[in-house]
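Undergrad:
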Amino acid sequence: MTIPHSLPGEDGLPPEILQDVVQLFKALGDPTRAQLVYLLTFREYSVNELSENVTASVSAVSHHLSKLRAIRLVKTRRDGKHIFYSIDDSHVGALFKEALYHLEHVHNNLPDQTLVTNYLQQNQSPSET
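In the numbering used here, the protein residues as written are 1 to 129.
(1) So what does Ile-83 bridge to, in DSSP terms?
(2) Between which residues of its own chain and Val-87 is the CB-CB distance below 8 Å, once the five residues before and five after are set aside?
(3) When you compare only the Cα positions, how much space is there between Val-61 and Leu-28?
(4) Among Lys-26, Leu-18, Lys-81 and Pro-15, whose alpha-carbon lies nearest the alpha-carbon of Ser-46?
(5) In chain order, what residues of the same chain have a beta carbon less than 6 Å from the beta carbon of Arg-78, not counting five sequence neighbours either side?
(6) Quick check on His-64: buried or exposed, where buried means 16 or more other Cβ atoms within 10 Å of its Cβ?
(7) Answer yes or no: do Phe-84 and Glu-44 have a C-beta to C-beta separation smaller than 9 Å?
(8) Assign Ser-57 to one of three DSSP states: helix, strand, or coil.
(9) Alpha helix (DSSP H) containing Ile-71: first to last residue?
(10) Where does Val-22 land, buried or exposed, given buried means 16+ other C-beta within 10 angstroms?
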């Protein structure tokens, strides 16, 4: 399946892609899963370490991680008897980072950075160009 990197406009997203997007946001809609993804953007963790960090049982954390693995937000690495979890790729971390930037703008009533950049470019003095 080819995923468009830019939004297709008024035609909307194909239903199968839209369903995948909804599943991704549903997975991140759970506070424990969101916290797990956030922690995993920094380094890999074992289930026990994650359990301590999110103050949930190992069983509950394992259940959440299996849901995140099913939609490829996280991946595993085995080292002997131990399994370590990390984010699946850099897009996952970037997605979370963008959500945090958005919240910073919302909570601090900041303008969209593209609006600021466009304004500054339009209002440069001739000597600056």
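Note that the Cβ used here is the ideal one computed from N, Cα and C, for glycine as well. The structure presented is a predicted model; accordingly, all values stated were derived computationally and were not measured.
TA: On the basis of the coordinates in this document:
(1) Per DSSP, Arg-78.
(2) According to the sequence provided, residue 87 is Ile. The question's Val does not apply to it. If the five residues before and after Ile-87 are omitted, its C-beta is found closer than 8 Å to the C-beta atoms of Val-37, Leu-40, Thr-41, Leu-73, Val-74, Lys-75 and Gly-93, all from its own chain and listed in chain order.
(3) Approximately 14 Å between the Cα atoms of the pair.
(4) Of the candidates Lys-26, Leu-18, Lys-81 and Pro-15, the one whose C-alpha sits nearest the C-alpha of Ser-46 is Lys-81.
(5) No residues qualify anywhere along the chain.
(6) Burial call: buried.
(7) A contact, by the Cβ cut-off of 9 Å.
(8) If DSSP states are grouped into helix, strand and coil, Ser-57 belongs with coil.
(9) From DSSP, Ile-71 is part of no alpha helix (DSSP H); its letter is neither H nor E.
(10) With fewer than 16 other Cβ atoms within 10 Å, it is exposed.
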